[in-house]
Amino acid sequence: MAEDRFPGWHGTTIIGVRRGGMVVVAGDGQVSLGQTVIKGSARKVRRLAPGGHEVVCGFAGSTADAFTLLERLEKKLEAAPGQLARACVELAKDWRMDKYLRNLEAMLIVTDGRDLFVITGAGDVLEPEHDVAAIGSGGNFALAAARGLMETDWDAETIARKAMAIAADICVYTNGNLTVERIAK
0 MAEDRFPGWH
10 GTTIIGVRRG
20 GMVVVAGDGQ
30 VSLGQTVIKG
40 SARKVRRLAP
50 GGHEVVCGFA
60 GSTADAFTLL
70 ERLEKKLEAA
80 PGQLARACVE
90 LAKDWRMDKY
100 LRNLEAMLIV
110 TDGRDLFVIT
120 GAGDVLEPEH
130 DVAAIGSGGN
140 FALAAARGLM
150 ETDWDAETIA
160 RKAMAIAADI
170 CVYTNGNLTV
180 ERIAK
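In numbering that gives the first Met the number 0, the protein residues as written are 0 to 184.
So this is what it looks like as structure tokens:
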């Protein structure tokens, strides 16, 4: 990831939670360089609407690389409207095989309200087993918190927000300035 070429760069926690016909993707706003917060209000969760089919995406890693991947995902979704899994697999194949794309340093969480996937540069398209996915510097903290909170009766948004608050309390590269997008199918 970016830490290999730019030691000291950290930032981003993204979580996706699916529950009760709703998927919520939440991301914090922090970007850090070493011990310094460079920006506290970055927007790393976006809504796409290729061909009229809404998709919510959250990204961790290089912003320019993530935007390149989001543009490619939009094209894949336009070619296969309403087929998020197919578009994600096609993106992952391109990302893994293309000499230029292979060097992109980002991870994505994507959902259409029905499916929820994590896409990596290693060619992975992963669907979470427990209806929770998380990526980024504080991803493991948010994932653990959300998995525990899935034992409650709370809705997807409440779980995502509380998990992100727990991650922000533990991970110095995560803040509480959230962008939250909801999508249902």
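Glycine residues also receive a C-beta, built at the ideal position from the N, C-alpha and C atoms.
Residue span of the alpha helix (DSSP H) that contains residue i, given as start and end
| i | result |
| --- | --- |
| Leu72 | 62-78 |
| Met163 | 155-169 |
Rounded C-alpha distance that separates residue i from residue j
| i | j | result |
| --- | --- | --- |
| Arg45 | Ile13 | 11 Å |
| Gln82 | Val16 | 20 Å |
| Thr173 | Glu104 | 19 Å |
| Phe58 | Asp154 | 23 Å |
| Thr178 | Ala132 | 16 Å |
| Lys161 | Ala144 | 8 Å |
| Gly33 | Ala25 | 24 Å |
| Val88 | Val124 | 6 Å |
| Leu68 | Tyr99 | 12 Å |
| Asp114 | Arg181 | 13 Å |
Cut-off 6 Å between Cβ atoms - residues of its own chain near residue i, not counting five sequence neighbours on either side
| i | result |
| --- | --- |
| Pro49 | Glu73, Leu76, Glu77 |
| Arg95 | Gly122 |
| Lys38 | Val30 |
| Ile158 | Val16, Ala145, Leu148 |
Proximity to residue i [Cα-Cα], best of the options
| i | options | result |
| --- | --- | --- |
| Met106 | Gly120, Arg95, Ala132 | Gly120 |
| Gly19 | Ile134, Asp130, Val54, Gly51 | Asp130 |
| Ile118 | Arg146, Ala84, Leu148, Gly112 | Ala84 |
| Ala167 | Asp27, Asn102, Glu126, Glu156 | Asp27 |
| Phe66 | Asp97, Arg42, Glu53, Ile165 | Arg42 |
N-terminal and C-terminal residue of the beta strand (DSSP E) that residue i is part of
| i | result |
| --- | --- |
| Lys38 | 35-38 |
| Ala25 | 21-26 |
| Leu148 | Taken as a continuous stretch (DSSP letters only), Leu148 belongs to no beta strand (DSSP E), being part of the alpha helix (DSSP H) at 138-148. |
| Thr12 | 12-18 |
Same chain, Cβ closer than 7 Å to residue i, five either side skipped, listed in chain order
| i | result |
| --- | --- |
| Cys170 | Thr12, Ser136, Gly137, Phe140 |
| Val36 | Gln29 |
The ligand GDP heavy atom lying under 7 Å from the CB of residue i
| i | result |
| --- | --- |
| Ala86 | Absence of the ligand GDP is noted for the structure shown, with no ligands found whatsoever. |
Quick one: which unbroken alpha helix (DSSP H) runs of 4-plus residues sit fully inside the region 72-116? Chain order, please.
83-96
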